[in-house]
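Chemist:
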Amino acid sequence: MADIFESSDSQRGAFELPYAQTRTFEGPFTLKRGGVLQDVTILFETYGELNEARDNVILLSHALTGDSHVARHDMEDVPGWWDILIGPGKSIDTNRYFVICTNNLGSCRGTTGPSSLDPATGKPYGASFPEVTMEDNVKLQKMLLDDLGITQLLAVVGGSVGGMMCLIWAAQYPEMVQGAVTLATSPCLTSQAIAFDVVGRNAITSDPHFHGGNYYGKEEGPSVGLAIARMLGHITYLSRESMIRKFDVETDRCNARKIETQFETEFAVGSYLAHQGSKFNERFDANSYITLTNACDFMDFGDNVPEIAENLASAKCKWLIMSFSSDWLLPPYQSEQIVDALISRKKAVSYINIQSDAGHDAFLLPLQLSTYGGLIEHFLNHLHDSQATAQKQNRDIHFVADRHEMPRVSQSSGEYVGLHDGFGRSHDGRLDFESILELIPQHASVLDLGCGNGDLLKRLRQRSGKSRLMGIELSERCIQKCVARGLDVVQKDINQGLKAFHDRQYEYVVLSCTLQTIREVEYVLEEMLRVGRFAIVSFPNSAYLPWRTRLFKDGRMPERMSEIGGDSARAWFNTKDVRFLTLADFHDFCDQKGYSVRRQIALDTVNGKKVFQNPNDEASMAIIELSR
-10 MADIFESSDS QRGAFELPYA QTRTFEGPFT LKRGGVLQDV TILFETYGEL NEARDNVILL
50 SHALTGDSHV ARHDMEDVPG WWDILIGPGK SIDTNRYFVI CTNNLGSCRG TTGPSSLDPA
110 TGKPYGASFP EVTMEDNVKL QKMLLDDLGI TQLLAVVGGS VGGMMCLIWA AQYPEMVQGA
170 VTLATSPCLT SQAIAFDVVG RNAITSDPHF HGGNYYGKEE GPSVGLAIAR MLGHITYLSR
230 ESMIRKFDVE TDRCNARKIE TQFETEFAVG SYLAHQGSKF NERFDANSYI TLTNACDFMD
290 FGDNVPEIAE NLASAKCKWL IMSFSSDWLL PPYQSEQIVD ALISRKKAVS YINIQSDAGH
350 DAFLLPLQLS TYGGLIEHFL NHLHDSQATA QKQNRDIHFV ADRHEMPRVS QSSGEYVGLH
410 DGFGRSHDGR LDFESILELI PQHASVLDLG CGNGDLLKRL RQRSGKSRLM GIELSERCIQ
470 KCVARGLDVV QKDINQGLKA FHDRQYEYVV LSCTLQTIRE VEYVLEEMLR VGRFAIVSFP
530 NSAYLPWRTR LFKDGRMPER MSEIGGDSAR AWFNTKDVRF LTLADFHDFC DQKGYSVRRQ
590 IALDTVNGKK VFQNPNDEAS MAIIELSR
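If you read the sequence shown in the working numbering, its first letter stands for residue -10, the second for the next number, and so on.
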């Protein structure tokens, strides 16, 4: 049976940090909100080795109460809080990358904070410690990197609060940052999230042992208030589904584990919260909790897309942004706002909302590691060595076939080739792709709607080099494959339109073998011709004579998708298709809408050839280029 006390805090403690290093900078260190520190110390740990080119540096920023010990250094060392992700041969491979993780300003694990000695008095700062911000943290990290002689960052990586610092890094030091990876983050906290911090701070300051923040040296500190604050925090880190699993399914909710505590333990969830609150007192300082939650609450990169876009206008890096579906502390829509802001500024971004029931802490837990870890690994590899890594990944990574994997025509013989010879095979010879490529000029910018595994985008990149390319896709698995190929892909439902994109942002918008699956056909086509100068649409032609003949003679619908290249099991009851249109129908539609059909290619995909005569009868697929 699973240990219900297991949490993202399980790998954290007050243990010594034998591999930690410090740097002290003489002041004055002026803070954003007006305070001044006469000198400031930053504690950090490094993993891996800096290569000769000095281009393999990853700066990692921790969440609210984390520290520098992100991973173990050797088998004698204690595990770090992200040990599942970082280390030799892991997603962030310390055999390849030089990882730096700092302790945040205002914390209590070696970097200057309220429990540090004030040089002016020789006593702990306590209540006199000035307010700090996320920007102050980034400023201190930059000072450390300057001291270490590091001028380039392959990537900044962070989850939750650490992700906020990634936003600041990308905006303030655009020439220094090549890539940014954020998980479960936001440009600012919602009022709901701030409310939990407010209650937590009130619990601490109302504790009779708080003594106005000057409790150092006292027999007892505000341990009850700090524990309650942490209990509140852990509620926000979970989700409704994970609470059901932990406290209703994996255990009897009324059969709580007995622990030594002054807090209520009548129910399993109460015992869990009491354990987390008491454990937190062993490693954290109440004043630091107040300082750091205030820093989070005052973080404000905008609460709407235009503001966020303005704040990120200077960023030049590539982005990988991940949210988690059950995160209600920093909900997915906030990551989507960041993505939409980047799209509006034509930045290179990939985004996925990972399906998870683990809540906010999903990015620290192993349940979805294969997804977020794999995405991070491939993203970093492409940043560091795009060409060599892309070749290896395209050979070695295997994914289940999706709807975009269609029959191919052998480029050597012109003969029909089946769907695939095994999972993961390249489908570059897909007949409709070849025809779509004929319609797109070599250096045109392209937005591919329903891009699948990225086969068309890959071909366009190989042909056009640095053309601006992006895919829109819903499938998690397909997004993983696209990122593995070094492609920019954003998870969106095209039925909801392309609101993040400006008018004429792309030269071509492609909807390949997807028209028959979408519900908002008129809206989507209008959006395509708003965002692109031209639209290219391909779809199966339901008037294809062999299909009509089968329906007429046998009285049964053809298994159309298997014939044009879908899953052979997709019969009428399990196909994704909701539209059954003919080439003639589509021409009538274009006439009604006033769309111009600039070019048309008709294909007989069953026999692997183009059709030039009577396409409404002889073609199984149509590819049409539209404009207004």
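We treat Cβ as the ideally placed atom computed from N, Cα and C, and that holds for glycine.
Predicted model only: the values in this text are computed from it and were never measured.
(1) Quick one: what's got a C-beta closer than 8 Å to Asp421's C-beta in the same chain, skipping five residues either side?
(2) Tell me the rounded alpha-carbon separation between Arg457 and Cys440.
(3) My output table needs one value for Asn342: the three-state DSSP class, helix, strand or coil.
(4) Between Gly210 and Ala275, how many whole angstroms is the CB-CB distance? I'm expecting something under 8 Å.
(5) In chain order, what are the residue ranges of uninterrupted beta strand (DSSP E) at least 3 long that sit wholly in the region 70 to 99?
(6) Only counting the same chain, and skipping five residues up and downstream in sequence, which positions put a Cβ closer than 7 Å to that of Arg219?
(7) Relative to the alpha-carbon of Arg43, which residue among Val88, Ser231, Leu49 and Ala560 has its alpha-carbon at the smallest distance?
(8) Looking at the structure shown, is Val59 part of a helix, part of a strand, or coil, going by DSSP?
(9) Could you check what DSSP says for Pro619 in three-state terms: helix, strand or coil?
(10) Kindly identify the DSSP beta-bridge partner or partners of Met610.
(11) Take Gly363 as the anchor and find which of Val478, Trp536 and Leu74 has the nearest alpha-carbon.
(12) For the region 287 to 371, list the beta strand (DSSP E) runs that are entirely contained and at least 3 residues long, ordered along the chain.
(13) If you check the beta carbons only, do Ala144 and Leu372 fall under 8 Å apart?
(14) Relative to the C-alpha of Ile193, which residue among Gly147, Ile279, Lys582 and Met546 is closest?
(15) I need the boundaries of the alpha helix (DSSP H) containing Gln505, first residue and last residue.
(16) In angstroms, rounded to a whole number, what distance separates the CA positions of Ile425 and Lys582?
(17) Among Arg1, Phe287, Ser314 and Phe368, which one has its Cα closest to the Cα of Arg22?
(18) Please name the residue, chosen from Phe313, Val67 and His349, that lies closest to Ile341 on a Cα-to-Cα basis.
(19) Is it the case that the region 337 to 352 contacts the region 195 to 202, given that we only count it when at least three CB pairs across the two stretches are under 8 Å?
(20) Per DSSP, what are the beta-bridge partners of Thr30 in this structure?
(21) Alpha carbon to alpha carbon, what distance is there between Val513 and Gln505?
(22) Going by beta carbon distance, what residues of the same chain come within less than 8 Å of Asn605, once the five residues before and after it are set aside?
(23) Decide if Gly403 is buried, meaning its Cβ has at least 16 other Cβ atoms within 10 Å, or exposed.
(24) Return the bridge partner residues of Leu436 from the DSSP annotation.
(25) For Gln130, count neighbouring Cβ atoms within 10 angstroms of its own Cβ and tell me buried if that reaches 16, exposed if not.
(26) Identify which residue in Val498, Trp536, Pro535 and Leu534 has its Cα closest to the Cα of Leu518.
(27) Less than 8 Å between the beta carbons of Ile507 and Glu239, yes or no?
(28) Between the Cα of Asp28 and the Cα atoms of Asp107, Trp71 and Val435, which residue gives the shortest distance?
(29) Looking at the structure shown, is Tyr204 part of a helix, part of a strand, or coil, going by DSSP?
(30) Could you tell me which of Tyr226, Glu164, Val59 and Ser212 sits nearest to Thr250, measuring between CA atoms?
(31) Assign Gln581 to one of three DSSP states: helix, strand, or coil.
(32) Please report the straight-line C-alpha distance between Pro547 and Val46, rounded to a whole angstrom.
(33) Exposed or buried, which one is Val25 when buried takes at least 16 other CB atoms within 10 Å?
(34) Taking the alpha-carbon positions, what's the Trp317 to Thr225 distance?
(35) Where does Pro103 land, buried or exposed, given buried means 16+ other C-beta within 10 angstroms?
(36) Could you compute how far the alpha carbon of Tyr162 sits from the alpha carbon of Gly486?
Modeler: Short version:
(1) Along the sequence shown, read from residue 1 onward, the residue named residue 421 stands at position 432. Here the set comprises Met395, Ser501, Cys502, Ser527, Leu592, Thr594, Met610 and Ile612.
(2) Here residue 457 refers to the residue found at position 468 when the sequence shown is read from its first residue. Here residue 440 refers to the residue found at position 451 when the sequence shown is read from its first residue. Approximately 15 Å, taken between the alpha carbons.
(3) Here residue 342 corresponds to residue number 353 of the sequence shown, with the count starting at 1. In the three-state reduction of the DSSP assignment, Asn342 falls in the strand class, which pools E and B.
(4) The sequence position of residue 210 within the sequence shown is 221, counting from 1. The sequence position of residue 275 within the sequence shown is 286, counting from 1. Confirmed, about 6 Å.
(5) Qualifying beta strand (DSSP E) stretches, in chain order: 87 to 91.
(6) What you label residue 219 is simply residue 230 of the sequence shown in a count that begins at 1. The beta carbon of Arg219 sits closer than 7 Å to those of Gln265, Gly266 and Phe269, all from its chain and outside the five residues before and after it, given in chain order.
(7) Working through the sequence shown from its first residue, we reach residue 43 at position 54. For Arg43, the nearest C-alpha among the options comes from Val88.
(8) Numbered from its first residue, the sequence shown carries residue 59 at position 70. If DSSP states are grouped into helix, strand and coil, Val59 belongs with coil.
(9) Summary: the structure shown does not reach residue 619, with the chain confined to residues -10 through 617, and so no result is reported for it.
(10) The residue given as residue 610 occupies position 621 in the sequence shown. In DSSP, Met610 forms a bridge with Pro529 and Leu592.
(11) By 1-based counting over the sequence shown, the position of residue 363 is 374. Per the Cα distances, Leu74.
(12) Correct list: 307 to 313 and 338 to 343.
(13) Numbered from its first residue, the sequence shown carries residue 144 at position 155. Numbered from its first residue, the sequence shown carries residue 372 at position 383. A Cβ-Cβ contact shorter than 8 Å links Ala144 with Leu372.
(14) In the sequence shown, counting from the first residue as 1, residue 193 sits at position 204. Per the Cα distances, Ile279.
(15) Here the question's residue 505 lines up with position 516 in the sequence shown. Under the DSSP assignment, Gln505 falls outside any alpha helix (DSSP H); it carries neither an H nor an E label.
(16) Along the sequence shown, read from residue 1 onward, the residue named residue 425 stands at position 436. Along the sequence shown, read from residue 1 onward, the residue named residue 582 stands at position 593. Here the C-alpha atom of Ile425 lies approximately 23 Å from the C-alpha atom of Lys582.
(17) Numbered from 1 along the sequence shown, position 33 holds the residue referred to as residue 22. Of the listed residues, the one whose Cα sits closest to Arg22 is Phe287.
(18) By 1-based counting over the sequence shown, the position of residue 341 is 352. Residue Phe313 is the option with its Cα nearest to Ile341.
(19) Taking 8 Å as the limit for Cβ pairs, the verdict is that the region 337 to 352 does not touch the region 195 to 202.
(20) On the sequence shown, position 41 is the one that residue 30 refers to. Partner(s): Thr13.
(21) Position 516 of the sequence shown, counted from the start, is the residue given in the question as residue 505. Position 524 of the sequence shown, counted from the start, is the residue given in the question as residue 513. Looking at the two C-alpha atoms, the distance is approximately 12 Å.
(22) Against the sequence shown, residue 605 aligns to sequence position 616. Once the five neighbours on either side are set aside, the close Cβ partners of Asn605 are Asn530, Ala532, Thr571, Leu572 and Ala573.
(23) The residue you call residue 403 lines up with position 414 of the sequence shown. Low confidence applies to Gly403: its pLDDT is 30, below 50, so where it sits in the model is not reliable, and the reading given next is rough at best. Here Gly403 is exposed, its C-beta having fewer than 16 other C-beta atoms within 10 Å.
(24) Stepping through the sequence shown from its first residue, residue 436 is reached at position 447. Leu436 pairs with Met459 and Val498.
(25) Locating residue 130 in the sequence shown gives position 141, where the first residue counts as 1. That one is buried.
(26) The count along the sequence shown starts at 1 and reaches residue 518 at position 529. Nearest neighbour of Leu518 by Cα position, chosen from Val498, Trp536, Pro535 and Leu534, turns out to be Val498.
(27) For the purposes of this step, residue 507 is taken as the residue at position 518 of the sequence shown. For the purposes of this step, residue 239 is taken as the residue at position 250 of the sequence shown. Their beta carbons are not under 8 Å apart, which means Ile507 does not touch Glu239 by this criterion.
(28) The sequence position of residue 28 within the sequence shown is 39, counting from 1. Residue nearest to Asp28 within the set Asp107, Trp71 and Val435 is Asp107 (criterion: CA-CA distance).
(29) One-based indexing of the sequence shown puts residue 204 at position 215. Residue state for Tyr204 is assigned as coil, using DSSP reduced to three classes.
(30) Position 261 of the sequence shown, counting from 1, holds the residue named residue 250. Among Tyr226, Glu164, Val59 and Ser212, the Cα nearest to that of Thr250 is on Ser212.
(31) In the sequence shown, residue 581 corresponds to position 592, counting from 1. In the structure shown, Gln581 sits in a helix (DSSP, three-state: H, G or I).
(32) As a position in the sequence shown, residue 547 is number 558, starting the count at 1. As a position in the sequence shown, residue 46 is number 57, starting the count at 1. Those two C-alpha atoms are separated by around 55 Å.
(33) Here the question's residue 25 lines up with position 36 in the sequence shown. Classification of Val25: exposed, given that the 10 Å Cβ count is below 16.
(34) Locating residue 317 in the sequence shown gives position 328, where the first residue counts as 1. Locating residue 225 in the sequence shown gives position 236, where the first residue counts as 1. So the alpha carbons of these two residues sit roughly 7 Å apart.
(35) Residue numbering aside, residue 103 sits at position 114 when the sequence shown is read from its first letter. Looking at its Cβ environment, which holds 16 or more other Cβ atoms inside 10 Å, Pro103 is buried.
(36) As a first step, residue 162 is located in the sequence shown; it is residue number 173 there, counting from the start. As a first step, residue 486 is located in the sequence shown; it is residue number 497 there, counting from the start. Whole-angstrom Cα-Cα distance: 33 Å.
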